[in-house]
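Undergrad: Pasting a structure here, questions to come.
Numbering (my numbering), first residue to last: 3 to 484.
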């Protein structure tokens, strides 16, 4: 009997990261990362527009909704984008199979990104992939309708991803000036995704003094809601503090802050001149901003090309829950305190002053009532009674015949509604929210996931430990017994 014993290859033990660009904005973000030569990541682009898809530099491309759009765009309709993603759900599952982590980038407010991104995120969730959404919101000059559609898309996507990062395009004006071109402005927004993906890949690819891997990333980002990613780099004096300040102050992200974050992943990269005190300064500066009970994971990576400089990457999650908890007590306290002070100060002061005032006022008002106004009211009442008697006599004198046609309203209403057992059957069905898959698409998604071979990196199934007596033994004794 021949025994073949092989060791697993190193490629099989590496975590696989996939960046999924959806729509026009997602495809542009992927092209930006490819131009910057980001390694260790698989790029996939999905779009309904065949012309925009042909301009992508990614090797893996998915033409969404060939039958729905026939190679055209979604026309800024999220329902068309969702239907196109449902049509191509099998191809989406094939590109997501085997991935450990997936970044889904899209522009909210349009058709393909708003409608297809939640469908793709749900497919990744069914496969057990850690999913991070990085989306942009439209400019103010694009109108309120597009902004409302973007908000609906963000709400649908947040239900499907583990962590969500929002970049409002309006915040680009904080960094742009009069000479900033349109292309340069969007490159700034794409750089947020690039720095975030690079910070995560460096943790898993580059070995470090304090090594971190995918398990640490998953512990911080799994089911944590809204998040922020920031990277700061500096050199010279106080480089650690300055790099940490740049990492936590990203002007492009949504109006969120690190305060109250529940999970924080810090990666500090430097050359061989990185000191222990600099590591302590950078980590403590970030720790001051987050929740005291936050899950903080610190890693350090050595890069020989960064001699004289230091780079700090921060991934903070669970911000939406802490932000609500931090904002609610502020208005309640500011409104409750003055109310208590006013009640306690006003109640004892006017009480003695108000008691003597009502007695003379009541006496003065009661004196003039019977003198003048009583007689006038009596005269008016008598005149009104006479006028009513006159009009009643005139109405009684007019003997007009009743109308020839008198509709029977009660019988008509009774015959109309008596035959209707279920009134809800005549109500038009409501349109589903953008990004909501149809029951047929869910069945196809489950069928596609069922055909996909189970990957060892899925986090949900846990192998049960065998009993000691059932464990197979292999050694010299077993060979001798044969």
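Glycine residues also receive a C-beta, built at the ideal position from the N, C-alpha and C atoms.
How would you call residue 282, buried or exposed, if buried means at least 16 neighbouring beta carbons within 10 angstroms?
TA: Exposed, because fewer than 16 other Cβ atoms sit within 10 Å of the Cβ of residue 282.
Undergrad: Determine the DSSP secondary structure at residue 291, reduced to helix, strand or coil.
TA: Residue 291: coil per DSSP, three-state reduction.
Undergrad: Which residues in the same chain as residue 120 place their Cβ atom closer than 6 Å to its Cβ, once the five residues preceding and following it in sequence are excluded?
TA: Closer than 6 Å at Cβ, skipping near neighbours: 158, 159, 162 and 437.
Undergrad: State the CB to CB distance for the pair residue 233 and residue 249, rounded to an integer number of angstroms; the pair is presumed to be in contact (CB under 8 Å).
TA: Contact holds; Cβ gap of about 6 Å.
Undergrad: Who are the near neighbours of residue 93 in its chain, counting only those whose CB is closer than 6 Å to its CB and skipping five residues on each side?
TA: Answer for residue 93: 64, listed in chain order.
Undergrad: Could you check whether the stretch 282-292 touches the stretch 180-196, counting it as contact only if at least three pairs of C-beta atoms, one from each stretch, sit closer than 8 Å?
TA: These segments do not touch.
Undergrad: So, for residue 313: in the same chain, excluding its five sequence neighbours on each side, which residues have a beta-carbon less than 6 Å away from its beta-carbon?
TA: So the qualifying residues of the chain are 235 and 271.
Undergrad: Can you name the residues that DSSP bridges to residue 166?
TA: For residue 166, which the question treats as bridged, DSSP gives the partners 135 and 228.
Undergrad: Find out if the Cβ-Cβ distance for the pair residue 201, residue 269 is shorter than 7 Å.
TA: Going by C-beta atoms, residue 201 is nearer than 7 Å to residue 269.
Undergrad: Under the three-state reduction of DSSP, which class applies to residue 108: helix, strand or coil?
TA: Note: residue 108 maps to strand in three-state DSSP.
Undergrad: Name the DSSP bridge partner or partners of residue 236?
TA: According to DSSP, which records beta bridges pairwise, residue 236 is partnered with 312.
Undergrad: Would you please state the rounded distance, in angstroms, between the beta carbons of residue 218 and residue 299? I believe it to be under 8 Å.
TA: That pair is a contact at about 5 Å.
Undergrad: Since I believe residue 28 is in contact with residue 109 (beta carbons under 8 Å), could you give me their beta-carbon distance rounded to a whole number of angstroms?
TA: At roughly 7 Å, the Cβ-Cβ gap stays under 8 Å, so residue 109 and residue 28 are in contact.
Undergrad: What would DSSP say about residue 336, mapped onto helix, strand or coil?
TA: Below a pLDDT of 50, predicted positions are generally treated as unreliable, and residue 336, at 35, falls in that range; the measurement from the model is reported next regardless. In the structure shown, residue 336 sits in a helix (DSSP, three-state: H, G or I).
Undergrad: When you compare the CB positions of residue 60 and residue 98, do they come within less than 7 Å of one another, or not?
TA: No. Outside cutoff.
Undergrad: Residue 193 lies in the alpha helix (DSSP H); which residues open and close that run?
TA: From DSSP, the alpha helix (DSSP H) with residue 193 extends over 184-207.
Undergrad: What number of angstroms, rounded off, separates the C-alpha of residue 228 from the C-alpha of residue 134?
TA: Residue 228 and residue 134: Cα-Cα distance of roughly 10 Å.
Undergrad: Please confirm whether residue 142 and residue 172 have their CB atoms less than 7 Å apart.
TA: Their beta carbons are under 7 Å apart, which means residue 142 touches residue 172 by this criterion.
Undergrad: State the CB to CB distance for the pair residue 167 and residue 48, rounded to an integer number of angstroms; the pair is presumed to be in contact (CB under 8 Å).
TA: 19 Å between Cβ atoms; not a contact.
Undergrad: Could you pull out every residue in the same chain whose Cβ sits closer than 7 Å to the Cβ of residue 276, ignoring the five residues on either side in sequence?
TA: Within the same chain, residue 276 has close Cβ partners 312.
Undergrad: With burial defined as no fewer than 16 other Cβ atoms inside 10 Å of the residue's Cβ, what is the status of residue 244: buried or exposed?
TA: When all chains shown are included, residue 244 counts as buried.
Undergrad: For residue 443, which of 91, 58, 264 and 41 has the nearest alpha-carbon?
TA: With distances taken between Cα atoms, residue 443 lies closest to 91.
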